[in-house]
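I have placed the structure first, in the form of structure tokens, so that the comments after it can refer back to it.
Protein chains in written order, with this note's numbering: chain A, 150 to 727; chain B, 150 to 727.
Here is the structure:
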């Protein structure tokens, strides 16, 4: 036993106890006759006192040295109310330096002076910082509670394989050459989708797994090539059952981990979400929904509006006092290439009942009053208007709305607004490949009442698919699956698979559907993202113990890296110059 | 809601309840006026009765059809005591066939008529069988309880990356080509060894993870290229702390999952295990330990013994009545190439106090009495003797001992005999590569008191390494690690790494050791094997949902498989003919 107690547990009641402690030297203050050392571990900080006769032994201690001390707990004279051990300190009688530390390349403090890349390289030091310790503790806690909840309602966690088969649908696979099967490759799973469906065919009824998934995508900020998913599937259920089950899980987690009681989650179909928010993952922590003002804004001689498919207005409450400069900044914002709007029209609803617009040339006070009425804008509000192609404008207005939400402090990270979005389109047109792709995945079932549109208007077919949205972020998504061979074959045909390709890729699944596959469906939640959400943060990187950088590199272990000629030969592979 | 109840929950108290049930048709008996159907799901079997007016609708039901029924619970006339629902049945009023099933290629019964390969191909059907359902349920239960235990003593589960770096030490790695980093590769982890050590450097103190590991080995029976490990590490601990912690975990699991209270685990050092059992994983459910009888067996003119380094005897209790034929079979057994003995000498200790030996020519009754005394053999026992090179004979005798243990019914699968084996050698000589390999792994610390032998007699250096053995199987293994750069560098040097190679491969770890690495150690337990052990079975394959066959293939999804030219090009790879 290296220690009798941790550095987080000693209190006044332990005074006079002989203790042995271990940990890292957080800081050392040499006051001549006495030296004070803050000793840190995962559990907290305890103050050590090296008295007159002991001060000598403490004098060589440096930051991050690992030490073991023996001593006696005494009451502090000047208590520190900021830490739980602040009422006591330890008079040290024996010191053993277990391991010296070089001076760390950045400070091990809540706010560190280390840059991103340096902290990645010395991740093991960054992990000592309290914010990261807390993040990983939260992650552990969440995983424990998720399992507790699902176990309590008869889910089994079942492990599915990581060495599976490459499929052309979806994102790019990471592949793994097989030595025993020359010139053949496994793929790492983008999700255990087909396996969880086979578990339903296998009678397992309620499955989950907290599981790693892999996508070889060009990494955007805050995407990792490997990520963790809470993967779930149920048999003999309809959409309602799944929504209720996982709403129950989220309720449980918020209560257990955050002490927050959530209201019943609102639900919104995809069409409404797009119409009102221009997004399939609306942040409903604030309003500012879309108003379509074509009828009051068109045919007044303003060409830009007159030519537009849609004229969409949002209302920024109490913003009529925006200065010219502030308004110009908004115009600049929407004109940035990332947003791509041509311009922005505003209407100030002045406190005195008058209106001031950037299109005063075309609209009189009565016209603008009609706009305000249409938008339910009141005196003191600011109306912002974009026009053009409907889908494009919805998208641009969504970006502007979220921007204003941030500007106006309407997106409180400590407020949680969950939302179910359902009835997603089954297919979406891909301009690059000139064909329809599955919006969710090829195993999602079309809504029965839309099946007749599959040939005539494939883009209009809705799917039994749903997303769990939280504060404007997609937290999870799922669907009721196809469970019969005929529908699955039809779906693959519509996705451009020949019968031969369909059988080569998904024959095993369609075969399985012929042996008594039950109706089933499921959901997958992004676990890294969920952790960040519960931690009240935007980026997932600091909720992953050992993340990779934006080039998919682990800069700490320097991976990926070349392998030996012998390894390549054994795998019957040659590399080609890039 | 597809169902109001499962097929395992209805009892007499539910009589007269209207229910909706779903499941698979286990069997159907058409008695003319009535048809009885056994409806099966994960939870059990419920008997359905289609009465006179309903019989018609049941007539087309086939095995494994998925159906939904509505009906009323009634008391059975002839009760079935074998199943929990055996006191009731359901009179059916409505039947919906949710999905027809083709006739399955093998019977979905506890004892199936399907061969291994066929069952692998239709794994989703095999998984419907009760033994496999029970196995995966046990696996789930074990994983829940393991986490509960470790969580209760402040371990955090922390996920480590799957895309890591290839290392030459240990088994062969599976590698993953990187598209974004041309001609560079990730490797899949054989274990999270270095990462869990870095977590200790990072201050996480108590880590665990139930984690997939990968080894590209030529597969022996019952080995999988991917397997699951309970991976643990602790800081500020010595060997004793780790043994106690994980003995506590095993105690907890046996109590929780099997209702068995285990005694304190015995401990045995490696040298003793080899001396007494000829194995580093002795099955101590039975005795039959080794007796070294050189002093009484040599110098009596029996050349074979006289020339031998070791003459080892074991005693098979109450086996003096073995027939000539039975003894010949034992001789044949040890002469098989897999065992490789030249011959086997026996001594029958007859009930009348006389001895009968296969070496009577050289040994008189008094000589044999001395053997018997030396071995503590009593009248009625059978002594079996092998001789030759000590290490070889220990190994052969171990095989014979286990064989006899099986023959004599001494290896009861419902008896559990755990054992800690400790003080393993640090290094073992490899004849092929003519160098020392790390017996455990390169991060295991040598025993301080043996350090001086590292140059002079490296094979004699003992390590702070230990195995948890259960019923003759290695269930887990671990060690106290090296935590300073100098020792780690020395160790790598002894393993044949140049300084350059050592830095390229493990520089990050040795760097980390310079920034205040705490003393630490850990253990990893094979989870698949643990499940089989708790299930009282020898093979792990049926405790893995989707196992691969002995060529590393998943015959169900037909993987590995070729990938497209485009995929290879994107990865800057060419395949070479095998």
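We treat Cβ as the ideally placed atom computed from N, Cα and C, and that holds for glycine.
Query, Result
"Strictly under 9 angstroms for the Cβ-Cβ distance: is residue 283 (chain A) near chain B by that measure?", "no"
"If you measure beta-carbon to beta-carbon, which residues of the segment 196-228 of chain A are closer than 7 angstroms to chain B?", "213, 214 and 215"
"Taking C-beta to C-beta, are residue 244 (chain A) and residue 199 (chain A) nearer than 9 angstroms?", "yes"
"At least one CB of chain B closer than 9 angstroms to the CB of residue 167 (chain A): is that the case?", "no"
"Note down the Cα distance separating residue 388 (chain A) from residue 681 (chain A), rounded to an integer number of angstroms.", "27 angstroms"
"If we call anything under 9 angstroms between Cβ atoms a contact, is residue 382 (chain A) one with residue 361 (chain B)?", "no"
"Restricting to Cα atoms, I'd like to know which of B:529, B:490, B:500 and B:558 is closest to residue 540 (chain B).", "B:490"
"Residue 203 (chain A): buried (16+ other C-beta within 10 angstroms of its C-beta) or exposed?", "buried"
"Counting only beta-carbon separations shorter than 9 angstroms, does residue 569 (chain A) have a partner in chain B?", "no"
"Kindly say whether residue 352 (chain B), judged by its beta-carbon, lies nearer than 9 angstroms to any beta-carbon of chain A.", "yes"
"Quick one: which chain B residues come within Cβ less than 7 angstroms of residue 725 (chain A)?", "721, 722 and 723"
"Please tell me whether residue 613 (chain B) has its Cβ less than 9 angstroms away from any Cβ of chain A.", "no"
"Quick check on this structure: which residue in A:213, A:154 and A:484 has the alpha carbon closest to the alpha carbon of residue 222 (chain A)?", "A:154"
"Take the Cβ of residue 726 (chain B) as the centre, count every other Cβ of all protein chains shown within 10 Å, and call the residue buried at 16 or more, exposed below.", "exposed"
"Would the segment 598-616 of chain A count as touching the segment 625-642 of chain A if we require 3 or more Cβ pairs under 8 angstroms?", "yes"
"Check whether chain A comes within 9 angstroms of residue 190 (chain B), counting only Cβ atoms and requiring the distance to be less than that.", "yes"
"Mind pulling the alpha helix (DSSP H) runs of 4 or more residues that sit fully within the segment 230-302 of chain B?", "265-270, 272-275 and 279-301"
"What whole-angstrom Cβ distance do residue 188 (chain B) and residue 172 (chain B) have, given they're in contact under 8 angstroms?", "4 angstroms"
"Is the beta carbon of residue 657 (chain A) sitting closer than 9 angstroms to the one on residue 631 (chain A)?", "no"
"Report, in whole angstroms, the separation of the C-beta atoms of residue 321 (chain A) and residue 351 (chain B), which I expect to be a contact under 8 angstroms.", "Actually they do not touch by this definition, with Cβ atoms about 32 angstroms apart."
"At what residues does the alpha helix (DSSP H) containing residue 370 (chain A) begin and finish?", "First-last for residue 370 (chain A): undefined, no H or E at that position."
"Give, in chain order, every unbroken run of the alpha helix (DSSP H) that is at least 4 residues long and sits entirely within the segment 530-584 of chain B.", "539-556"
"Starting from the beta carbon of residue 324 (chain A), find every residue of chain E whose beta carbon is closer than 8 angstroms, and list them in chain order.", "The displayed structure is made up of protein chains A and B, and chain E is not among them."
"Using a Cβ-Cβ distance cut-off of 9 angstroms, determine whether residue 729 (chain A) contacts chain B.", "The shown model of chain A, from 150 to 727, leaves out residue 729 (chain A), and the question about it has no answer."
"For a contact meaning CB atoms closer than 9 angstroms, what does residue 312 (chain B) contact in chain A?", "323, 337, 363, 374, 375, 697, 701, 703, 708 and 709"
"Hey, how far is the Cα of residue 193 (chain B) from the Cα of residue 283 (chain B)?", "12 angstroms"
"Give the list of continuous alpha helix (DSSP H) stretches no shorter than 4 residues that lie fully inside the segment 396-428 of chain B.", "419-426"
"How many angstroms separate the CA atom of residue 396 (chain A) from the CA atom of residue 648 (chain B)?", "56 angstroms"
"Taking Cβ positions, are residue 295 (chain B) and residue 409 (chain B) nearer each other than 9 angstroms?", "no"
"For the 8 angstroms Cβ check, are there 3 or more pairs between the segment 234-252 of chain A and the segment 212-219 of chain A?", "yes"
"Residues of chain B with a CB under 7 angstroms from the CB of residue 332 (chain A): which are they?", "711, 724 and 727"
"Please report the residue range of the alpha helix (DSSP H) in which residue 616 (chain A) lies.", "No alpha helix (DSSP H) contains residue 616 (chain A), which is instead part of the beta strand (DSSP E) from 614-619."
"What is the DSSP secondary structure of residue 607 (chain B), counted as helix, strand or coil?", "helix"
"With a threshold of 8 angstroms (Cβ to nearest heavy atom), would residue 400 (chain A) be considered close to the ligand ZN?", "As presented, the structure is devoid of all ligands, the ligand ZN included, so that no description of it is given."
"Go through its chain and collect everything with a Cβ distance to residue 571 (chain B)'s Cβ below 6 angstroms, but skip five positions before and after it.", "418 and 615"
"Look up residue 453 (chain A) in the DSSP assignment and say whether it is helix, strand or coil.", "helix"
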